[in-house]
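Heads up: the structure comes next, in structure tokens.
Right, dumping it as structure tokens:
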């Protein structure tokens, strides 16, 4: 808001109380979607996703989405 405070659209269902870290992504209309994806794919903050232990889903999980 105008005071720099963050407001959530829906309640946060946290299992524990305490401090949290929040990552803000500002929508910059000057960067196109492909450039944004390239930048995110090179960001070391997401390196943990390369770990095979994070690959917990397969193509057989869930149900297909159709409109």
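Numbering (this note's numbering), first residue to last: 11 to 77. Glycine included, every Cβ here is placed at the ideal spot set by N, Cα and C.
Just the Cα atoms here: how many angstroms apart are residue i and residue j?
i          : j          : result
residue 47 : residue 71 : 25 Å
residue 61 : residue 69 : 18 Å
residue 26 : residue 34 : 22 Å
residue 21 : residue 64 : 27 Å
residue 66 : residue 74 : 18 Å
Answer yes or no: do residue i and residue j have a C-beta to C-beta separation smaller than 8 Å?
i          : j          : result
residue 16 : residue 32 : yes
residue 50 : residue 58 : no
If I follow the unbroken alpha helix (DSSP H) through residue i, where does it start and stop?
i          : result
residue 50 : 43-51
So, at 8 Å on beta carbons, what are the nonlocal neighbours of residue i in its own chain, with the 5 sequence-adjacent residues on each side left out?
i          : result
residue 19 : none
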